[in-house]
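Inspection log for the structure reproduced underneath, given as structure tokens.
There are 2 protein chains.
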Amino acid sequence: MAAHCRRVGLALRPHAKTHKSVRIARLQLDAGAIGICCATIGEAELLCSAGISGVLVTSPVVQPANIQRLVRLAEGGRVMAVVDDAGNLRALSAAAAAAGARLPLLVDFDIGLGRTGCATLESAVELARLARALPGVLTAGVQGYAGHLQHVEAFAARRELAAGQAAKMAELVAALGAEGLAPGIVSGGGTGTHDIDHGGVFTELQAGSYTVMDVEYGEVELTAASTRPVFEAALFVRTTVVSANAKGMATTDAGLKRFATDGPRPRIARGAPEGAVYGFSGDEHGCVVFSDASGRLEVGAALECIVPHCDPTVNLYDHYHCVRGDELVDIWPVDARGAY
Amino acid sequence: MAAHCRRVGLALRPHAKTHKSVRIARLQLDAGAIGICCATIGEAELLCSAGISGVLVTSPVVQPANIQRLVRLAEGGRVMAVVDDAGNLRALSAAAAAAGARLPLLVDFDIGLGRTGCATLESAVELARLARALPGVLTAGVQGYAGHLQHVEAFAARRELAAGQAAKMAELVAALGAEGLAPGIVSGGGTGTHDIDHGGVFTELQAGSYTVMDVEYGEVELTAASTRPVFEAALFVRTTVVSANAKGMATTDAGLKRFATDGPRPRIARGAPEGAVYGFSGDEHGCVVFSDASGRLEVGAALECIVPHCDPTVNLYDHYHCVRGDELVDIWPVDARGAY
Numbered sequence: 013m014a015a016h017c018r019r020v021g022l023a024l025r026p027h028a029k030t031h032k033s034v035r036i037a038r039l040q041l042d043a044g045a046i047g048i049c050c051a052t053i054g055e056a057e058l059l060c061s062a063g064i065s066g067v068l069v070t071s072p073v074v075q076p077a078n079i080q081r082l083v084r085l086a087e088g089g090r091v092m093a094v095v096d097d098a099g100n101l102r103a104l105s106a107a108a109a110a111a112g113a114r115l116p117l118l119v120d121f122d123i124g125l126g127r128t129g130c131a132t133l134e135s136a137v138e139l140a141r142l143a144r145a146l147p148g149v150l151t152a153g154v155q156g157y158a159g160h161l162q163h164v165e166a167f168a169a170r171r172e173l174a175a176g177q178a179a180k181m182a183e184l185v186a187a188l189g190a191e192g193l194a195p196g197i198v199s200g201g202g203t204g205t206h207d208i209d210h211g212g213v214f215t216e217l218q219a220g221s222y223t224v225m226d227v228e229y230g231e232v233e234l235t236a237a238s239t240r241p242v243f244e245a246a247l248f249v250r251t252t253v254v255s256a257n258a259k260g261m262a263t264t265d266a267g268l269k270r271f272a273t274d275g276p277r278p279r280i281a282r283g284a285p286e287g288a289v290y291g292f293s294g295d296e297h298g299c300v301v302f303s304d305a306s307g308r309l310e311v312g313a314a315l316e317c318i319v320p321h322c323d324p325t326v327n328l329y330d331h332y333h334c335v336r337g338d339e340l341v342d343i344w345p346v347d348a349r350g351a352y
Numbered sequence: 013m014a015a016h017c018r019r020v021g022l023a024l025r026p027h028a029k030t031h032k033s034v035r036i037a038r039l040q041l042d043a044g045a046i047g048i049c050c051a052t053i054g055e056a057e058l059l060c061s062a063g064i065s066g067v068l069v070t071s072p073v074v075q076p077a078n079i080q081r082l083v084r085l086a087e088g089g090r091v092m093a094v095v096d097d098a099g100n101l102r103a104l105s106a107a108a109a110a111a112g113a114r115l116p117l118l119v120d121f122d123i124g125l126g127r128t129g130c131a132t133l134e135s136a137v138e139l140a141r142l143a144r145a146l147p148g149v150l151t152a153g154v155q156g157y158a159g160h161l162q163h164v165e166a167f168a169a170r171r172e173l174a175a176g177q178a179a180k181m182a183e184l185v186a187a188l189g190a191e192g193l194a195p196g197i198v199s200g201g202g203t204g205t206h207d208i209d210h211g212g213v214f215t216e217l218q219a220g221s222y223t224v225m226d227v228e229y230g231e232v233e234l235t236a237a238s239t240r241p242v243f244e245a246a247l248f249v250r251t252t253v254v255s256a257n258a259k260g261m262a263t264t265d266a267g268l269k270r271f272a273t274d275g276p277r278p279r280i281a282r283g284a285p286e287g288a289v290y291g292f293s294g295d296e297h298g299c300v301v302f303s304d305a306s307g308r309l310e311v312g313a314a315l316e317c318i319v320p321h322c323d324p325t326v327n328l329y330d331h332y333h334c335v336r337g338d339e340l341v342d343i344w345p346v347d348a349r350g351a352y
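Protein chains in written order, with my numbering: chain A, 13 to 352; chain B, 13 to 352.
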């Protein structure tokens with residue numbers, strides 16, 4: 013992803029909400045990332061305390077206690093935040109000014125997802141004007157994230173939809189320029205639009221899932237040039253058969269507590285007969301259903317599954333076990349697991 | 013639940029896989045439970061190291077490293093395990109005998125769930141015979157869990173289905189008796205069958221969800237006597253509105269990482285206008301959709317939601333915040349969060 017971004021002239025600020033790992037964030041920075049995105053103040057604290065700079069919290073920080081935590085990070089000069097609400101902006105300004113800090117902010121703009129962001133161009137411009145007038149804050153740019161487009165499977169369809177979103181963002185950038193508020197940073201995009209969001213309005217890319225991939229993204233045609241995955245799955249859940257008495261299936265120890273369940277089924281990558289599919293058998297158990305009656309796995313057999321959806325699956329574990337072939341070469345903490 | 017079990021003459025060995033809390037396990041023991049069930053060796057270690065006895069691991073323990081951990085607990089005399097496979101039984105026996113320990117085992121019998129357990133009466137009896145012949149193990153009884161019946165909503169339908177399962181268990185108990193292997197413990201049942209699994213073959217109940225409840229169990233007619241929930245929801249996820257620019261909805265900070273998503277939607281218990289429903293807007297965000305256009309929640313507003321499915325939701329958090337009314341009265345660790 014870093015090489016791609018260099019090639020297309022886009023800065024990369026990858027999203028740590030996927031991996032929640034200081035170690036992986038450092039690898040991303042070493043490869044050329046200009047900073048790291050995160051979703052929660054707890055993640056930001058972990059990244060900043062590890063000495064990482066250019067940390068962008070991509071969700072509004074609104075609770076008074078969290079605003080205080082954000083201001084403490086702003087004093088260290090390592091963090092930026094987003095804002096989409098005048099009341100929240102005033103609260104951020106007051107807290108930062110009281111601490112003698114200067115918090116860089118991106119105005120969050122809703123380019124179609126309907127989740128966070130100013131709903132209209134006018135309200136976004138007005139918020140930027142207010143930010144300019146208030147103490148303790150600094151308008152560093154704008155953010156717009158088309159999350160609903162990232163998993164549109166066909167590349168051409170995704171590119172067409174993304175063009176409409178980028179056009180909205182370009183209108184905002186022009187309107188801000190006309191006010192003397194031209195944004196230095198235009199941040200957005202994801203793994204699904206990484207080969208789309210360049211050569212236009214965005215200055216940087218927030219992609220996260222590419223780091224480890226999952227079943228969902230494995231089905232997306234990520235670039236125009238190729239239909240096979242550009243990024244390979246690097247994240248697997250290893251599970252063991254604990255019962256093998258039922259016909260046509262085996263029971264494992266990885267159920268609803270070991271995979272995120274909002275997406276498709278886990279996909280068996282290794283350890284099961286061809287055609288076997290994975291299912292859930294409750295909180296503590298999964299099942300491997302064989303494609304024909306001759307299929308069998310013994311108690312104790314190990315399987316590895318590509319995870320349905322990487323971000324919420326990583327959040328279920330305390331460690332990555334890093335393997336090369338069959339060798340365990342390192343264990344990395346999921347530093348920000350449960351860090352809200 | 014303890015009072016119910018006393019009344020109907022059933023022992024209670026509640027399942028800690030729901031709450032993963034030593035503190036709550038102690039409250040259950042203080043109320044009269046004879047021991048505590050758990051699902052993983054990691055949970056068993058935490059319970060045993062807290063001085064709790066009568067710990068039953070309700071899933072087969074098959075990995076060599078986990079068998080060693082189990083044997084270490086057996087040396088302390090606090091743990092029982094289940095078995096449904098002759099190879100696994102020999103491995104448990106060898107490890108326990110080598111350590112000079114005696115591991116009490118329940119023969120796990122599949123009474124209809126098709127997940128773990130011996131598939132036939134004959135194979136279950138044979139396994140009990142083998143256990144009698146092997147060193148290091150002790151046949152303490154049998155286990156059969158009708159997990160697929162727990163959420164059958166109508167009480168009468170659930171009772172009828174459960175009667176069939178209990179009859180299978182009674183056949184096994186009789187067959188074992190004829191072999192001189194009459195089981196001391198017949199363990200099974202759950203919150204959904206707590207008012208069904210008594211006066212018959214079962215000697216003890218493994219119910220877990222009743223401790224905190226959830227949306228799924230809230231919809232189940234738990235007893236013959238009443239259609240309203242016998243157990244009230246005690247577990248809520250508190251979330252904050254972080255964005256309120258979109259019409260007809262508000263965006264919160266509790267998404268796919270803060271609720272288990274295998275069940276129904278979270279149910280808003282407090283903090284939103286009548287008729288509002290909760291949905292998911294990605295990994296980090298939820299949405300509150302209002303029932304009419306006048307609905308609104310401001311940025312910073314707090315909501316509390318009943319969780320869709322308690323067990324895998326608890327596993328996402330490190331602490332319970334214990335409240336009485338609006339007062340925070342204690343913080344309890346989720347000791348076994350992620351303890352596999």
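All residues carry an ideal CB built from backbone N, CA and C; glycine is no exception.
Owing to the predicted nature of the structure, the values given are computational and were not obtained by experimental measurement.
{"Check": "Quick one: Cα of B/K180 to Cα of B/L22, how far?", "Outcome": "19 Å"}
{"Check": "For A/Y229, report the span of its alpha helix (DSSP H) as first-last.", "Outcome": "V227 to G230"}
{"Check": "Could you give the DSSP three-state label for A/V300: helix, strand or coil?", "Outcome": "strand"}
{"Check": "Quick one: what does DSSP say A/T30 is sitting in, helix, strand or coil?", "Outcome": "coil"}
{"Check": "Can you tell me which of B/L85, B/E244, B/T264 and B/A314 puts its alpha carbon nearest to the alpha carbon of B/G291?", "Outcome": "B/T264"}
{"Check": "Please confirm whether B/G307 has its beta-carbon closer than 8 Å to some beta-carbon of chain A.", "Outcome": "no"}
{"Check": "Are the stretch 240 to 250 of chain A and the stretch 302 to 319 of chain B touching by the rule of at least three beta carbon pairs closer than 8 Å?", "Outcome": "no"}
{"Check": "With three or more C-beta pairs closer than 8 Å as the rule, is the stretch 144 to 159 of chain A touching the stretch 104 to 112 of chain A?", "Outcome": "yes"}
{"Check": "What does DSSP give as the partner residue(s) for A/E339 in the beta ladder?", "Outcome": "A/R336"}
{"Check": "In this structure, how does DSSP classify B/H370 when only helix, strand and coil are distinguished?", "Outcome": "Nothing can be reported for residue 370 of chain B, as the shown portion of chain B is limited to 13 through 352."}
{"Check": "Count the other CB atoms within 10 Å of the CB of B/P278; is the residue buried (16 or more) or exposed (fewer)?", "Outcome": "buried"}
{"Check": "Could you tell me if A/G99 is buried or exposed, where buried requires 16 or more neighbouring beta carbons within 10 angstroms of its beta carbon?", "Outcome": "exposed"}
{"Check": "Any chance you could list the beta strand (DSSP E) runs of at least 3 consecutive residues sitting entirely within the stretch 41 to 96 of chain B, in chain order?", "Outcome": "48 to 50, 67 to 69 and 91 to 95"}
{"Check": "State the DSSP-derived secondary structure class of A/T151, mapped to helix, strand or coil.", "Outcome": "strand"}
{"Check": "By Cβ distance below 6 Å, which residues in the same chain neighbour A/V224 in space, the five residues on each side in sequence not counted?", "Outcome": "A246, L247 and C322"}
{"Check": "Quickly, what does DSSP pair B/C317 with across the bridge? List them, please.", "Outcome": "B/V249 and B/I280"}
{"Check": "Residues in its own chain within less than 8 Å of A/P324 by CB, not counting five upstream and five downstream?", "Outcome": "A272 and D274"}
{"Check": "Rounded to whole angstroms, what is the Cα-Cα separation between A/V326 and B/E134?", "Outcome": "42 Å"}
{"Check": "Can you check which of these residues, A/P320, A/G337, A/A348 and A/D338, is closest to A/H353 by C-alpha distance?", "Outcome": "In the structure as shown, chain A begins at 13 and stops at 352. Residue 353 of chain A is therefore absent and cannot be evaluated."}
{"Check": "Could you list which residues in chain A have their beta carbon closer than 8 Å to that of B/D96, in chain order?", "Outcome": "S255 and N257"}
{"Check": "Determine the burial state of B/R18: buried for a count of at least 16 other Cβ atoms within 10 Å of its Cβ, exposed for fewer.", "Outcome": "exposed"}
{"Check": "Between which two residues does the alpha helix (DSSP H) containing A/G176 stretch?", "Outcome": "F167 to A190"}
{"Check": "Scan the stretch 123 to 135 of chain B for residues whose Cβ lies nearer than 9 Å to a Cβ of chain A and list them as they occur along the chain.", "Outcome": "L125, G126, R127, T128, G129, C130, A131, T132 and S135"}
{"Check": "Nearest to A/F121 by CA position, among A/G230, A/G159, A/A37 and A/E191, is which residue?", "Outcome": "A/G159"}
{"Check": "Could you list the residues in the stretch 150 to 161 of chain A with a C-beta less than 7 Å from some C-beta on chain C, going in chain order?", "Outcome": "No chain C appears in the structure shown, which is made up of the protein chains A and B."}
{"Check": "Note down, in chain order, every chain B residue with its Cβ under 7 Å from the Cβ of A/K180.", "Outcome": "Neighbours of A/K180 on chain B: none; closest Cβ ~14 Å, over 7 Å."}
{"Check": "Does DSSP put B/R331 in a helix, a strand or coil?", "Outcome": "The sequence shown places His at residue 331 of chain B, not Arg. In this structure, B/H331 counts as strand in the three-state DSSP scheme."}
{"Check": "Distance check for B/Y157 and A/E228, CA to CA, integer angstroms please.", "Outcome": "34 Å"}
{"Check": "Output needed in chain order: residues of the stretch 271 to 302 of chain A with a Cβ under 8 Å from some Cβ in chain B.", "Outcome": "A272, T273, D274, F292, S293, G294, D295, E296, H297 and C299"}
{"Check": "Could you round the C-beta distance between A/L85 and A/R25 to whole angstroms and report it? I think they count as a contact, below 8 Å.", "Outcome": "Actually they are not in contact, since the Cβ atoms of A/L85 and A/R25 sit about 16 Å apart, beyond 8 Å."}
{"Check": "Could you spell out the range, first to last residue, of the alpha helix (DSSP H) harbouring A/P195?", "Outcome": "First-last for A/P195: undefined, no H or E at that position."}
{"Check": "My understanding is that B/V232 touches B/E165, with C-beta atoms under 8 Å, so please give their C-beta distance in whole angstroms.", "Outcome": "5 Å"}
{"Check": "Can you tell me which of B/I197, B/T203 and B/R127 puts its alpha carbon nearest to the alpha carbon of A/V254?", "Outcome": "B/R127"}
{"Check": "Strictly under 8 Å for the Cβ-Cβ distance: is B/T252 near chain A by that measure?", "Outcome": "yes"}
{"Check": "How many angstroms separate the CA atom of B/P320 from the CA atom of B/A175?", "Outcome": "28 Å"}
{"Check": "Interface residues of chain B around A/L328 at Cβ under 8 Å?", "Outcome": "N327, L328 and G350"}
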